[in-house]
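Novice: In the working numbering, the protein residues as written are 93 to 1666. The structure under discussion is supplied below as structure tokens; questions concerning it will follow.
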């Protein structure tokens, strides 16, 4: 057929006798003009002008700003493109009906398509460059296109072409669309005034885009980029070259920040509160507030969801149409269709087009693309809203925490755990509920539609299949609830197991020295056993859930088709069979999800209830100090607020630095003599009985006031009452007037942080008080941040404070000096060090009043004196600051300007020391005796190697060992890193995108090869059977269809097909059960084996391993990593194998049905490979960012809750709120990017899937002309449809598995740890039962080191200890004393020489034997949770009498007697319910219970008071009179009685003689140590 524009089968094709416009071909040609005009005008502008244009315009983001009607234009253009596609299809199909080619039927439409595409590209470029004048070209185009289409429509109407003809409808639609686009264009001219107006409008981009930090562009890009997440490309592809960091993801847009959302939610909540103010029973509804604040986006998302669900049904319907028409083609003979001619060409009816199979294939493709786009849009909107809601809730909870009444916290009504749960669990539950919420109303619609369509296709038999699905849904819900319950019990067991593991790791040194590791290991394994039982149930329910999900569609299909075969009058045709198969696939998803959604809905209701209770809980009272003489008037405040608005962030620091001199001049309170005054105060902690009663006190300005009294008499409470933390029953607290400059500063700060102080509240503000609490409270931040606490850094002041608190030596020990992180996530400091940092914070703050609550409690005497002299008397008093000091150290009373003595919650005396001396002689005398006692202690104390030195020693040890470890470990890593850096980018890239196959194999092999084999074979068998079922269905329906003669329904055919079908379906269901069970149990076995091996390795690792591996790291293996291996990997693995095999079987079926489509699959496979490769790397980085930004947020919440009183005293609420908002936003940014990356992947894989469907459909239709059975076409298409659902799951699961396998890798790295050599060369039977009988110790040429890589710590030591001798070992810090004690137990590497005890070389003994026969008391007393009996004798070998005897010797018998349960009394974790001294005595009793002839005391008296130490020394002398006692002394005074003293220096034994002989030698090191009290 020749090509010609108007066709050459008619003679008058080109004639215009009836008038130019009455020639249809001419009208079509006229329609070409606007399109050609647009292309001619825009191409030169796009290609030539643009290069020069864009270089002039500096654009930050290529999404600069939108013209009015932006979204409308994009939507209309997309609709225009779709209508053009229909027009082209209609033209081509009509053309096939003609005798010769009529190009005018489809060429103008094709040009229109190109022009519409060009128009949107052109518009986007103009918009990006903000050059609206060029839009004029588009305006002209719309006008011309509108006019030409109107002419065409008018001519159609004249000719009698009407709505029944498709071309008429299409033209009418185009007229409407062009008209609307013209209107949009006119609107742009109206608003921007870029032409026809003299003054064009100047427009700035949105505020967010002016801020270069905002990188989350979803709200600002154009519609196409929004739908496909095109703007994410640079980030995701860039991640391949270098990891995504926090800097890269920038800040959130203003509308998504927590502050914005918090204000939205708070307004809605307050509105409710105001409305319910009269009705006291009703509380404001959080649900309603959430709806008011976030309802609109949820409605938008639901709309998208409905559209996606309805479009989802296009798949089965198109399959139905295609297969049906392919069947009909074989029957129908083409009819002659020339009767419907107008203008000499054929006009087809609307129905006719839908009977063309190729058209249906294209429609199917478009419907899939649209459906997936809408679905992802719906997901994105709900996730964004969920994140916004979580940010708002977190801010709301935080604000509430800052206002919680202290009594609530201390009376246990609101525990830290509850608050942490609210933050970590409840807000997340609500966020997840929002994510799933559109499903609640979308699913019923989907189910109803599906059932209606099934009924339409198959009649009543479909309802039977549907009822199978519906009836089994409650089972799924039941399983889901059971899963949740099991998870709870598993959590309880794992918490219990973790607690035990933590105790073991904390006391590992003791356990090894006493050879108890196996007993404790068994106790952990016992708990692990219970946990595994629970996990087994969990695995069973999970596999049931998976099984139901896979088996329900098979059962439904089986029920439907068998019923249809036996009871229906019509034969089952391929079209109906495969369309209904696809429908069943659609139906299963909502039913499976429904159970999850309902479960989350129930959880959300509970969460909201908890939140409501929390938000209604008591707040701190209208503080009493606000009623004092606050004489700053409102007017002056208003004046300040005007000035403060002008102050910007940069000036803030300047202002702070001027503040001090300003304050000194302006302080009117210097003329007043009282800083704080309490009159008739009765205060309580939330009960009605007053804790403090009849308080009348005053705190003089600029002086040192001390509050003294017995423990528990209300000293700390008095401070808190003054700070307004207690509830006031009556009375008032007056604070002297705030100096104006400070007032200005406060107002300014509150403006700065955007907090919602009212004018009135500002005027009542008191000044902030520097407050150091008794229980030290530190932030998870650097030492410097903890001391400056938000104040500007002043070097001199900082140094002075550090010296006053003698922190410099401690700071020098830290790895990064004062930039070392401390707190939960950093280095753990001792009590004294923590307390000194808290005091330093109070000193550093530039406040007029300082409250110190017993700052000396954790400090030794030297430090207390130094702090008193340098810090309080010198630093604070020189500064003329008002100091209130609570203390027990009465010797400092002489320094006090004013004393308040407390007794039983009321003031006993108040005045100067002189007043009290004259007026209350008795009290003064009482104090005097106490002071004398304290002075005696002071004398004793000076002999002691101070507690601080010990604390520093512990710190030094921790770092010494950790550095050594990191040094060894890092060498390998550094080498590796250097190699990596030298590598080219490509290799690092490939390393980052590699899948850790080795680790996967390690994991699978832990599960056992048999199980792996069963899993693999059952999986393959299951998927083969699934394919077989559908293939059999295709063969069956096609055979039905081929036997066209009307025989009776149940014929031999049926009888041969149905039984096989039933057998296949049954096999499929059984295999589903087997696979789901085996995968879960494979996971469980692997988890069980990995944990067992890990525990064994760690418990039997040498002590050195624990010195060099941070405790947190080991615990992480047992907590987070074990949890991932237990619960997450099995389901991810199952999901990954299932989706991969489904995709492979689908592609296999498509290739089998239409081999031709394989050619098209090659480029798709390449695209898929790159998409998943880029996505996995980016996803892992974003996942890490999300995890790493979550921890600081949770820590900040728990920190705030712990340090409430301090934060409120300092008046730093605003700063903490700001920090919380920043942390929340950072975490939300990471999470948003992660979800946007998931959408990026899903949109791309979904489009790939749609292309696969299109190729499969086109190839199948083409091959059906060559005799392909219609049943197989249906099979191919149904399978192609499933690919779209599962492609993205393959990648997502792969990415998840990769992240989760990191846990296996970490656990595996610990499994290579070398264990101690427990065997020894001697057999246990060769060691006498009662060894060591005498306790004789020979040390011969002993050399010891901690690690083969390190220098020796003991060098060539020779010594001899007689049986029953009392030996002292001393030396300066680090001289190797403790190393010798460890050598006795073979805990260190003895690489030369030997220790012989009672004739046996200890290195040859099995470790268990050696360690179980010696006794040791350590410096740090370690107790385990359990009973006292368990702590003394975990092996359960001793009688009660023996235990009581041991307790009596340790002077603990009476104390234990008085406890409930006696020997079975409870010991809490770490023995916290006993004092340190008591704990040390328990350790002594423990050593005595084991009747060993050798006792080693390693600095055992370091952490106890004098009294306890005397008891200990006495006991050792009497109870261990006949045994060898080796005392490693930290104070030489404790070994002056020793029969033999060994003095060490730098690992060498320098002196060895009796104490008396050594003291006689003036120049001996021992004498020097005694003289210097070392």
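For every residue, glycine included, the Cβ atom is placed at its ideal position computed from N, Cα and C. Quick caveat: nothing in here was measured; it's all calculated off a predicted structure.
Could you please give the first and the last residue of the uninterrupted alpha helix (DSSP H) stretch that includes residue 459?
Specialist: Segment 449 to 495, the alpha helix (DSSP H) holding residue 459.
Novice: Taking the alpha carbon of residue 635 as the reference point, which residue from 1163, 1604, 1384 and 1578 has its own alpha carbon closest?
Specialist: Comparing Cα positions, the closest option is 1163.
Novice: Quick one, are the C-beta atoms of residue 994 and residue 801 less than 7 Å apart?
Specialist: Yes, the pair counts as a contact, with Cβ atoms nearer than the cut-off.
Novice: In whole angstroms, give me the CA-to-CA distance for residue 1270 and residue 306.
Specialist: Approximately 19 Å, taken between the alpha carbons.
Novice: Can you check DSSP and say which residues form a bridge with residue 1462?
Specialist: Paired residues: 1635.
Novice: Below 8 Å on the Cβ atoms is my guess for residue 328 versus residue 1267; work out the distance and round it to an integer in Å.
Specialist: Rounded, the Cβ-Cβ distance is 7 Å, consistent with contact.
Novice: Okay, do the segment 591 to 604 and the segment 1506 to 1519 touch, 3+ Cβ pairs below 8 Å being the bar?
Specialist: They touch, by the three-pair rule.
Novice: According to DSSP, is residue 524 helix, strand or coil?
Specialist: Three-state DSSP puts residue 524 in a helix.
Novice: Where residue 89 and residue 597 are concerned, what is the direct C-alpha to C-alpha distance, given to the nearest angstrom?
Specialist: Nothing about residue 89 can be read from this structure; the chain reaches only from 93 to 1666.
Novice: Can you list, in chain order, the residues of its chain whose CB lies under 6 Å from that of residue 620, leaving out five sequence neighbours each side?
Specialist: The answer, listed in chain order, is 589.
Novice: Determine the direct distance from the alpha carbon of residue 177 to that of residue 1264, and round the result to whole angstroms.
Specialist: Going from the Cα of residue 1264 to the Cα of residue 177 covers about 31 Å.
Novice: State the DSSP-derived secondary structure class of residue 1426, mapped to helix, strand or coil.
Specialist: It is coil, neither helix nor strand.
Novice: Output the boundary residues of the alpha helix (DSSP H) element that contains residue 287.
Specialist: Note, residue 287: premise wrong, no alpha helix (DSSP H); not H, not E.
Novice: Output yes or no for whether 7 Å exceeds the beta carbon distance between residue 669 and residue 130.
Specialist: No, these two residues do not count as a Cβ contact at 7 Å.
Novice: Rounded to whole angstroms, what's the CA-CA distance from residue 1496 to residue 1465? Just pull it up for me.
Specialist: Distance between the alpha carbons of residue 1496 and residue 1465: 31 Å.
Novice: Spell out the partners DSSP gives residue 1645 in its beta bridges.
Specialist: 1633.
Novice: What do you reckon, are the CB atoms on residue 300 and residue 346 nearer than 7 Å?
Specialist: Taking 7 Å as the Cβ cut-off, residue 300 and residue 346 qualify as a contacting pair.
Novice: Using C-beta distances below 7 Å, list every residue in its chain close to residue 1581, excluding the 5 sequence neighbours before and after it, in chain order.
Specialist: Counting only Cβ-Cβ distances below 7 Å, and skipping sequence neighbours, we find 1524, 1525, 1530, 1534, 1535 and 1538.
Novice: Between residue 792 and the rest of its own chain, which residues show a CB-CB distance below 6 Å, the 5 nearest in sequence each way excluded?
Specialist: Closer than 6 Å at Cβ, skipping near neighbours: 765 and 990.
Novice: Tell me, which residues are paired with residue 1669 by DSSP?
Specialist: This structure gives no information on residue 1669, because the portion of the chain shown stretches from 93 to 1666.
Novice: To the nearest angstrom, how far is it from the Cα of residue 454 to the Cα of residue 1340?
Specialist: Rounded to the nearest angstrom, the two C-alpha atoms are 15 Å apart.
Novice: Just the Cα atoms here: how many angstroms apart are residue 138 and residue 1373?
Specialist: Those two C-alpha atoms are separated by around 39 Å.
Novice: Starting from residue 981, follow the beta strand (DSSP E) in both directions and report where the run begins and ends.
Specialist: Counting along the chain, residue 981 falls outside any beta strand (DSSP E), and DSSP gives it neither H nor E.
Novice: Mind the definition here: the segment 1340 to 1356 touches the segment 1367 to 1387 only if three or more C-beta pairs lie below 8 Å; say whether that holds.
Specialist: These segments touch.
Novice: To which residues does DSSP link residue 1432 through a beta bridge?
Specialist: Answer by DSSP bridge pairing, in chain order: 1486.
Novice: Nearest CA to the CA of residue 999: which residue from 790, 206 and 649?
Specialist: Answer by Cα proximity: 790.
Novice: Restricting to Cα atoms, I'd like to know which of 1168, 285 and 798 is closest to residue 228.
Specialist: Ranking the options by Cα distance to residue 228, first place goes to 285.
Novice: Of all the options 1213, 495, 409 and 1447, which has the alpha carbon lying nearest to the alpha carbon of residue 1402?
Specialist: Ranking the options by Cα distance to residue 1402, first place goes to 1213.
Novice: Just verifying my parser: in three-state terms, what is the DSSP assignment at residue 440?
Specialist: Coil.
Novice: In chain order, which continuous runs of the beta strand (DSSP E) of length 3 or greater are located wholly inside the segment 766 to 802?
Specialist: List check, beta strand (DSSP E) in window: 766 to 776, 784 to 792 and 796 to 800.
Novice: For a quick check, are the C-beta atoms of residue 173 and residue 207 less than 7 Å apart?
Specialist: No.
Novice: Distance check for residue 992 and residue 1003, CA to CA, integer angstroms please.
Specialist: C-alpha separation (whole angstroms): 7 Å.
Novice: If you run the structure through DSSP and keep just helix, strand and coil, what is residue 1304?
Specialist: Of the three classes helix, strand and coil, the one that applies to residue 1304 here is coil, per DSSP.
Novice: So residue 410 packs on residue 456, CB below 8 Å; how close in whole Å?
Specialist: Right, the Cβ-Cβ distance comes to about 4 Å (below 8 Å), so this counts as a contact.
Novice: With residue 1586 as the anchor, note down where its beta strand (DSSP E) starts and where it stops.
Specialist: Residues 1586 to 1590.
Novice: Quick one: what's residue 1221 bridged to in DSSP?
Specialist: BP columns for residue 1221 are empty, so no partner.
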